[in-house]
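Since the structure comes first, as structure tokens, the remarks are kept for the end.
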Amino acid sequence: EGFEHYRCDRNVSLGINLGSMGKVLKCCNNDDIVTLKSDENGDAMTFMFENQNADRISDFELKLMDIDSEHLGIPDTDYKCTVQMPSAEFQRICRDHAILGDTVTISVTKEGVQFSVSGEMGSGNMTIKPNETVDTKDEDRVKVEMEEPVCLNFALRYLNFFTKATSLSDTVILSLSADVPLVVEYRINELG
Numbered sequence: 004e005g006f007e008h009y010r011c012d013r014n015v016s017l018g019i020n021l022g023s024m025g026k027v028l029k030c031c032n033n034d035d036i037v038t039l040k041s042d043e044n045g046d047a048m049t050f051m052f053e054n055q056n057a058d059r060i061s062d063f064e065l066k067l068m069d070i071d072s073e074h075l076g077i078p079d080t081d082y083k084c085t086v087q088m089p090s091a092e093f094q095r096i097c098r099d100h101a102i103l104g105d106t107v108t109i110s111v112t113k114e115g116v117q118f119s120v121s122g123e124m125g126s127g128n129m130t131i132k133p134n135e136t137v138d139t140k141d142e143d144r145v146k147v148e149m150e151e152p153v154c155l156n157f158a159l160r161y162l163n164f165f166t167k168a169t170s171l172s173d174t175v176i177l178s179l180s181a182d183v184p185l186v187v188e189y190r191i192n193e194l195g
């Protein structure tokens, strides 16, 4: 639904260096039409930027990385806790806690979500309580769904990397369970 035209005859995994792809996409203007092409057994992906107003067509070819697609899948996991909260608030919490320490403890109970940090400089806690009232806007709503309480530690360095996606969505969804990776999900608001 986000494409004017889309054709993919069969499922294919493409190994693309995201840093390189980001550099190529910076060559694109806001009003360009972007076309992505790759042959089934090819070793490159073509990015074509077409600007009908300026009669300009640019194309770039990125070499694909050789990946083992057998290990790419993320297994389906039933998470014990899911927290939906404003993405800007999550970004601020991660940024502020990184001042005091390297690791944040996220504790989820029916009372809310507590973010705690303790380091050489000191310690800090922030508790967010669920607020699902009718008057609360969707993007400001804090929603906690849990089967059982969870208390887990995460490296703030990586959480701060994840929060770079804050501009994609007003809300972030955190899915937590013991002994499985944390899922940080930003649902893109609109395509295009």
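Numbering (the working numbering), first residue to last: 4 to 195.
Where is the CB? At the ideal position from N, CA and C, for every residue including glycine.
- In this chain, residue 47 is not harboured by any alpha helix (DSSP H); it is covered by the beta strand (DSSP E) spanning 47-54.
- Taking 8 Å as the cut-off, the beta carbon of residue 131 is found closer than this to the beta carbon of residue 88.
- One Cα belongs to residue 191, the other to residue 91, and the distance between them is close to 14 Å.
- Membership of residue 167 in any alpha helix (DSSP H) is not indicated, and neither H nor E is assigned to it by DSSP.
- Judged by DSSP secondary structure, residue 95 falls within the alpha helix (DSSP H) whose first and last residues are 90-101.
- Annotation for residue 183: 80 place their beta carbon closer than 7 Å to its own, counting only its chain and skipping 5 residues before and after.
- Annotation: the continuous alpha helix (DSSP H) that includes residue 27 extends over 21-28.
- Per DSSP, residue 140 lies in no beta strand (DSSP E) and is assigned neither H nor E.
- At a cut-off of 3 residues, the continuous stretches assigned as beta strand (DSSP E) that sit fully inside the region 109-159 are 115-121, 126-131, 146-149 and 153-158.
- The beta carbon of residue 101 lies closer than 7 Å to those of 159 and 163 in the same chain, with the five residues before and after it left out.
- Shown here for residue 142: same chain residues with a beta carbon closer than 7 Å to its own, the five before and five after excluded, namely 89, 173 and 174 in chain order.
- For residue 104, the CB contacts under 6 Å within the same chain, skipping 5 residues up- and downstream, are 120, 121 and 122 in chain order.
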